[in-house]
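Structure record follows, encoded as C-alpha cells.
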Amino acid sequence: MKKEAELYGVKSDGIYKNQGCYGYVNETKYLVSATWWRRWCDFANLGDQVLNDSAFNNQQRLPSNFNTHATLPDEENPSTLKQINHARNFSMYDKPGPISNEHLLLDRKAHFIDKSKKTVFAQPHYYLKYDLIEHFDYEVVSQELWTHLQSWYGADYVIPRKMRRGEVIDGGFKRKMYIELYPGKLLLALMRYYRGHNRP
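Under my numbering, think of the first position of the sequence shown as -18, with each following residue one higher.
Written out as C-alpha cells, the structure reads:
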C-alpha cells in the first residue's frame, strides 16, 4: 500500500497532496476529470475514507477476495471487523475506463492530434470551459502520475497547464503557486485595457 500510494502521488502517511498548489514555476501539470478521478481512487483503494483512516493504513491491507469465514485471531475485535468491511467494499469497485476529459472543453471539436504518439491534445485556453471548479470539475495531477494513468487507461483529451507564481485565495487559504487554467487570458485583458486608455 505504501509503495502504491507513493507512486500515485500520495504521501506514505495517507495524506493526498493537491497538485494544483505544489510545484515550481512553468512546471507542467495535467487536468483530469474529477468524476473519473473519484472512480479511480475508489478502484485503487485511495478513497478519502481509507486515506483518512490512520488505524487502517497502519495495518496490512486485506485482499479483495478475503474470506470473511476464515478463522481470525479475534473475530469479535471491532478493528478486525472494520478491516473485513473495508475488504468487502474494495471488491465492489470496477476498473475505470479511459480518462474522459471531454466535458471540460467548451468546444469539443477543438483539438489537434500528435501523430507520433496518437494523442489528442486540447487546444489553447479559450476551448476550456469557464468557471471550472477544482475538486468538483477537475483534479490536477503531476506529469509523472499522468504518464502512468494515460499508459494504463488511455485518455480522450490531454489538457496540460503550467504552474505560475502568485498569491491567490482558495477556500480561505493563501496559495503561493497556482495552475494557469486559461493561459494568455490576463495578458489579453491587459492589452485591451491599455489600448482603450491610450487612444487620443
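Virtual Cβ for every residue (Gly too), placed ideally from N, Cα, C.
Just the C-alpha distance for Asn26 and Val6, rounded to the nearest angstrom, thanks.
32 Å
For Leu113, which option in Ile160, Leu85 and Glu8 has the closest C-alpha, if you only look at C-alpha atoms?
Leu85
I need the DSSP call for Glu125, collapsed to helix, strand or coil.
helix
Return the CA-CA distance between Gly4 and His129, expressed in angstroms with no decimal places.
19 Å
Pick helix, strand or coil for Ala136, following the three-state DSSP scheme.
strand
Can you tell me where the beta strand (DSSP E) holding Ser14 begins and where it ends?
Thr9 to Ser14
Look up Pro164 in the DSSP assignment and say whether it is helix, strand or coil.
coil
Name the one or two DSSP bridge partners that Arg146 has.
Met158
Taking C-alpha atoms, which residue in Phe117, Glu83, Glu8 and Lys10 lies nearest to Arg19?
Phe117
Cutoff 7 Å; reference Glu161; Cβ partners in own chain excluding five residues on either side:
Arg142, Lys143 and Arg145
Can you tell me whether Tyr119 is helix, strand or coil according to DSSP?
strand
State the CB to CB distance for the pair Glu115 and Val121, rounded to an integer number of angstroms; the pair is presumed to be in contact (CB under 8 Å).
7 Å
Using the three-state DSSP reduction, which class does Leu43 fall into: helix, strand or coil?
Note on Leu43: pLDDT 38, under 50, position unreliable in the model; the coordinate value appears next. The answer is coil: DSSP assigns Leu43 none of H, G, I, E or B.
Identify which residue in Pro79, Leu12, Tyr11 and Trp17 has its Cα closest to the Cα of Ala136.
Pro79
Using only alpha-carbon positions, find the residue among Tyr11, Pro77, Tyr159 and Val13 that is nearest to Trp21.
Pro77
Let me confirm a value: Leu87 is counted as buried when at least 16 other C-beta atoms fall within 10 Å, else exposed. Which label applies?
exposed
Glu125 to Ile140, Cα distance in whole Å?
14 Å
How long is the line joining the alpha carbons of Gln131 and Tyr159, rounded to whole angstroms?
23 Å
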